[in-house]
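A.B. asks:
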Amino acid sequence: MLVFQPECATCSGGYVQLQCSDDDTLQILIEKLVDKFQLKNPSLETANDKLYMINELLPELKERSAANLERPLKEFTMKPRRPCPVCLKWTTSLYSHMMAAHNWSEDRISELKEEYRALRRERMLSKTIKSHDCGLCKSGYTCKIGLALRQTKMLKATDNEHSIFLDSKPLPSRPPLLPPLPEQLSVSEKGSVLCPVPRCSGRFTNHDSLAYHCMIEHSELGAAGTPQNFAIRQYRFETREEYTEWLYDRCEETCTSFSTKTSMWSGYAMYRCNRAGHFRTSGTIRIGCTSKKAQSHCSAFLRISAYTDGSVDVTCCFGHIFHELDPTALRLNERQTAVLQKLIEEGKSLVEIGAQMRAEYPPTNRLHYTTSNDIRNLALRLGLEINGKEKRQTRSQQALKEEGGGEEQDDEENEAEQSASSDSDIDDEDEEEDEDEEMGSEYGDYTEGVEHEVQLFPDVQDGEANEQDNRPSRNRRAPRRFDEYD
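Sequential numbering of the sequence shown, starting at 1, is according to full-length UniProt numbering.
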């Protein structure tokens with residue numbers, strides 16, 4: 001049923017609310033709102049009293065496929081629109097609006113979030129809707145998908161690289177034996193794992209088969225000529241801390257860094273080499289941005305399974321194929337990040353940290369190539385202050401002091417030189433006068449004429465001489481020295 005309220009801020013702004021059920025399809029929505037009413041910015045309210053914006057459905061509406069038209073509205077994920085408690089403006093990003101438009105603090109926004117969560121719990125209890133509670137933030141969700149997305153977001157904030165996904169299902173129990181490895185290659189024409197070696201048409205269904213293939217066919221090639229071990233190993237660790245320490249050591253030894261390929265669900269996760277994957281450029285990327293992706297696939301992989309008792313089973317291969325081993329393309333793990341964090345907290349400058357990393361760690365370690373941008377990004381992420389500017393200021397002040405002391409010494413030397421040169425000039429003038437007197441005795445008439453010609457403008461010459469005598473002595477300054485500082 002179409003409801004229009006002229007006094008409502010939403011309706012007066014060109015919005016129209018439509019009460020519908022979750023089972024209604026997009027076809028009904030298109031007929032009512034797009035073709036018939038041609039509304040400027042219609043909004044949608046479902047049976048769960050959630051207000052959505054129709055323009056968020058435009059990607060599905062543009063496709064106009066039969067599958068999308070027959071899909072019910074409850075299958076589409078849309079952001080709910082909420083009214084601002086201050087200006088009564090409807091928006092999909094309420095908390096960002098409160099910070100930008102009304103200068104709310106984070107504590108005040110947190111209180112507003114708690115109020116909305118409390119109202120949501122009361123509504124769920126009143127309608128006897130099954131709620132899925134999150135064990136991390138203590139909030140309730142009507143579906144498991146929303147709960148899973150929330151937990152994934154929170155776990156990424158705490159542990160970005162290797163985090164166990166704690167979903168609503170409990171972790172499996174630990175089996176007595178490790179899972180068996182595939183005995184033969186899983187070759188398939190429709191396989192998604194490709195061999196990156198040129199002129200090799202190998203296609204496989206998993207990374208295990210790719211590692212076996214590289215060990216048999218491309219063992220001499222290795223990583224751009226560097227010999228590699230393509231053997232697949234299995235390990236069992238009693239605790240997660242033991243597993244992480246082993247992983248950091250192995251990654252530093254083999255010049256390896258992993259990225260998530262499959263997020264962990266029920267204790268299982270798959271990681272692949274960070275140099276593998278497709279890099280898709282777009283118009284929004286700045287010119288000059290490069291990617292660490294070197295090829296579509298790599299034989300290095302890591303597959304883990306976590307269990308209820310805290311143990312972890314690992315199946316891995318640390319051998320790389322075709323691409324070169326570049327330590328600068330590796331990621332900084334947690335242990336390396338802790339080293340840099342400690343130095344930043346001690347108040348060391350960017351130059352000092354970089355020099356210390358190059359001196360203490362070998363060229364095969366990622367810390368050896370620590371840049372100023374790495375330190376700045378880490379300090380920004382952790383909320384730490386860098387003392388690089390203070391170091392630069394003190395050095396510049398020292399340089400100015402050194403230049404000032406050098407200039408004083410140069411001034412003293414210049415004065416001594418000028419005094420010596422003035423004495424020598426006086427002696428030279430006396431000698432010239434003696435010579436002129438001797439020449440005048442020999443050529444008396446000619447010298448008298450010259451004397452008359454010289455004294456044609458005596459006042460002007462005397463004035464210039466007086467001005468020169470009144471001028472302050474000019475000391476020659478030494479050239480400034482620009483020293484290079486790291």
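Ideal Cβ placement from N, Cα and C applies to all residues, glycine included. Please read these numbers as outputs of a predicted model, since none were measured by experiment.
Do ALA224 and PHE322 have their beta-carbon atoms positioned less than 9 Å apart in this structure?
C.D. replies: One-based indexing of the sequence shown puts residue 322 at position 322. One-based indexing of the sequence shown puts residue 224 at position 224. Yes.
A.B. asks: With C-beta atoms as the reference, is GLY277 less than 9 Å away from ALA211?
C.D. replies: Taking the first residue of the sequence shown as position 1, residue 277 is located at position 277. Taking the first residue of the sequence shown as position 1, residue 211 is located at position 211. Cβ distance not < 9 Å, so GLY277 and ALA211 don't count as in contact.
A.B. asks: Taking all protein chains shown into account, do 16 or more other C-beta atoms lie within 10 angstroms of the C-beta of LYS190, making it buried, or fewer, making it exposed?
C.D. replies: Within the sequence shown, the letter at position 190 stands for residue 190. Exposed is the call here.
A.B. asks: Rounded C-beta distance between SER173 and THR308? I'm assuming under 8 Å.
C.D. replies: By 1-based counting over the sequence shown, the position of residue 173 is 173. By 1-based counting over the sequence shown, the position of residue 308 is 308. Contact check for SER173 and THR308: beta-carbon distance about 6 Å, within the 8 Å limit, so the pair qualifies.
A.B. asks: Would you identify the three-state DSSP class for GLN461, choosing helix, strand or coil?
C.D. replies: Against the sequence shown, residue 461 aligns to sequence position 461. Its pLDDT being 46, under 50, GLN461 is placed unreliably by the model, and the measurement read from it follows with that caveat. Note: GLN461 maps to helix in three-state DSSP.
A.B. asks: What residues match up with ALA276 in a beta bridge as DSSP calls it?
C.D. replies: Within the sequence shown, the letter at position 276 stands for residue 276. DSSP, once it has assigned bridges, lists GLN295 as partnering ALA276.
A.B. asks: Taking the alpha carbon of ASP374 as the reference point, which residue from CYS84, PRO363, SER192, LEU330 has its own alpha carbon closest?
C.D. replies: Your numbering for residue 374 matches position 374 in the sequence shown. Closest by alpha carbon: LEU330.
A.B. asks: Less than 9 Å separating the beta-carbons of ARG203 and SER192?
C.D. replies: What you label residue 203 is simply residue 203 of the sequence shown in a count that begins at 1. What you label residue 192 is simply residue 192 of the sequence shown in a count that begins at 1. Contact: yes.
A.B. asks: Compare the Cα-Cα distances from GLU345 to each of GLU242, LEU378, ARG272 and report the closest residue.
C.D. replies: If you number the sequence shown from 1, residue 345 lands on position 345. Checking every option, the nearest Cα to that of GLU345 belongs to LEU378.
A.B. asks: Apply the 10 Å Cβ neighbour rule to CYS317 and answer buried if 16 or more other Cβ atoms are within range, or exposed otherwise.
C.D. replies: Your numbering for residue 317 matches position 317 in the sequence shown. By the 10 Å Cβ count, CYS317 comes out buried.
A.B. asks: Would a C-beta distance cut-off of 9 Å place PHE237 and VAL312 closer than the cut-off?
C.D. replies: For the purposes of this step, residue 237 is taken as the residue at position 237 of the sequence shown. For the purposes of this step, residue 312 is taken as the residue at position 312 of the sequence shown. Cβ distance < 9 Å, so PHE237 and VAL312 count as in contact.
A.B. asks: Roughly how many angstroms separate the alpha carbons of LYS292 and GLY222, rounded to a whole number?
C.D. replies: What you label residue 292 is simply residue 292 of the sequence shown in a count that begins at 1. What you label residue 222 is simply residue 222 of the sequence shown in a count that begins at 1. One C-alpha to the other measures close to 19 Å.
A.B. asks: For LYS89, does the three-state DSSP call read helix, strand or coil?
C.D. replies: Numbered from 1 along the sequence shown, position 89 holds the residue referred to as residue 89. Reduced to three states, the DSSP call for LYS89 is coil.
A.B. asks: Can you tell which of GLU324, HIS368, GLY347 has the C-alpha that lies nearest to the C-alpha of GLN336?
C.D. replies: Here residue 336 is taken as the residue at index 336 of the sequence shown, counted from 1. The shortest Cα separation from GLN336 among GLU324, HIS368, GLY347 belongs to HIS368.
A.B. asks: Figure out for me which residue from ASN387, SER209, ALA306 has the closest Cα to the Cα of GLU242.
C.D. replies: Taking the sequence shown and counting its residues from 1, one reaches residue 242 at position 242. Closest option to GLU242, Cα to Cα, is ALA306.
A.B. asks: How is the beta strand (DSSP E) around TYR235 delimited, first residue to last?
C.D. replies: Your numbering for residue 235 matches position 235 in the sequence shown. Counting along the chain, the beta strand (DSSP E) containing TYR235 begins and ends at 233-237.
A.B. asks: Assign ALA100 to one of three DSSP states: helix, strand, or coil.
C.D. replies: The residue you call residue 100 lines up with position 100 of the sequence shown. ALA100 sits in a helix when the DSSP states are folded into three classes.
A.B. asks: Ends of the beta strand (DSSP E) at ASP309?
C.D. replies: Looking up residue 309 in the sequence shown gives position 309. Careful: ASP309 lies outside any beta strand (DSSP E) and carries neither H nor E.
A.B. asks: Kindly list the residues whose CB is nearer than 7 Å to the CB of THR226, restricted to its own chain and excluding five residues on each side of it in sequence; keep chain order.
C.D. replies: Position 226 of the sequence shown, counted from the first residue, corresponds to residue 226. Hits under 7 Å: LEU325.
A.B. asks: Can you give me the C-alpha to C-alpha distance between SER259 and GLU245, rounded to a whole angstrom?
C.D. replies: In the sequence shown, residue 259 corresponds to position 259, counting from 1. In the sequence shown, residue 245 corresponds to position 245, counting from 1. Their Cα atoms are separated by approximately 17 Å.
A.B. asks: I need the DSSP call for TYR361, collapsed to helix, strand or coil.
C.D. replies: Walking along the sequence shown from the start, residue 361 turns up at place 361. If DSSP states are grouped into helix, strand and coil, TYR361 belongs with coil.
A.B. asks: In whole angstroms, what is the alpha-carbon distance linking LEU380 and GLN356?
C.D. replies: Here residue 380 is taken as the residue at index 380 of the sequence shown, counted from 1. Here residue 356 is taken as the residue at index 356 of the sequence shown, counted from 1. The straight-line gap from Cα to Cα measures roughly 21 Å.
A.B. asks: Along the chain, where does the alpha helix (DSSP H) containing SER192 start, and where does it finish?
C.D. replies: Stepping through the sequence shown from its first residue, residue 192 is reached at position 192. Looking at the DSSP string, SER192 is not in any alpha helix (DSSP H), and its letter there is neither H nor E.
A.B. asks: Can you have a look at ASP208 and say buried or exposed, based on whether 16 or more other CB atoms are within 10 angstroms of its CB?
C.D. replies: In the sequence shown, the residue the question calls residue 208 occupies position 208. ASP208 should be labelled buried.
A.B. asks: For ILE304, which residues does DSSP report across the bridge?
C.D. replies: Translated into the one-based positions of the sequence shown, residue 304 becomes position 304. Beta-bridge pairing links ILE304 to ALA269, VAL314.
A.B. asks: Just how far apart, CA to CA, sit ARG272 and THR262?
C.D. replies: Numbered from its first residue, the sequence shown carries residue 272 at position 272. Numbered from its first residue, the sequence shown carries residue 262 at position 262. Cα to Cα, ARG272 sits roughly 9 Å from THR262.
A.B. asks: Who are the Cβ neighbours of MET270 in its own chain at under 6 Å, not counting the five residues just before and after it?
C.D. replies: Sequence index remark: in the sequence shown, residue 270 carries index 270 (1-based). Within the same chain, MET270 has close Cβ partners LYS261, THR262, ARG303.
A.B. asks: I need the DSSP call for SER259, collapsed to helix, strand or coil.
C.D. replies: Residue numbering aside, residue 259 sits at position 259 when the sequence shown is read from its first letter. Strand.
A.B. asks: Would HIS102 be called buried (16 or more neighbouring beta carbons within 10 Å of its own) or exposed?
C.D. replies: Sequence index remark: in the sequence shown, residue 102 carries index 102 (1-based). It counts as exposed.
A.B. asks: Within its chain, find whatever has a CB closer than 6 Å to the CB of GLU442; leave out the 5 residues flanking it on each side and keep chain order.
C.D. replies: One-based indexing of the sequence shown puts residue 442 at position 442. At GLU442 the pLDDT is 45, less than 50, meaning the model places this residue with poor confidence; the figure from the coordinates comes in the next sentence. Result list for GLU442: empty, nothing under 6 Å.
A.B. asks: What would DSSP say about residue 487, mapped onto helix, strand or coil?
C.D. replies: This structure gives no information on residue 487, because the portion of the chain shown stretches from 1 to 486.
A.B. asks: Assuming LEU382 contacts SER296 (C-beta within less than 8 Å), just tell me the rounded distance between them.
C.D. replies: Taking the sequence shown and counting its residues from 1, one reaches residue 382 at position 382. Taking the sequence shown and counting its residues from 1, one reaches residue 296 at position 296. The Cβ separation is near 35 Å, so there is no contact.
A.B. asks: For ARG108 and TYR95, what's the separation of their Cα atoms in angstroms?
C.D. replies: Looking up residue 108 in the sequence shown gives position 108. Looking up residue 95 in the sequence shown gives position 95. Roughly 10 Å between the two C-alpha positions.
A.B. asks: Identify the residues that DSSP records as bridge partners of ARG82: which are they?
C.D. replies: Along the sequence shown, read from residue 1 onward, the residue named residue 82 stands at position 82. Paired residue(s): THR91.
A.B. asks: Please report the straight-line C-alpha distance between THR371 and LYS348, rounded to a whole angstrom.
C.D. replies: Counting from one through the sequence shown, the residue named residue 371 turns up at place 371. Counting from one through the sequence shown, the residue named residue 348 turns up at place 348. Between THR371 and LYS348, the C-alpha separation is close to 14 Å.
A.B. asks: Mind checking who THR226 pairs with in its DSSP beta bridge?
C.D. replies: As a position in the sequence shown, residue 226 is number 226, starting the count at 1. DSSP output for THR226 lists ALA223 as bridge partner(s).
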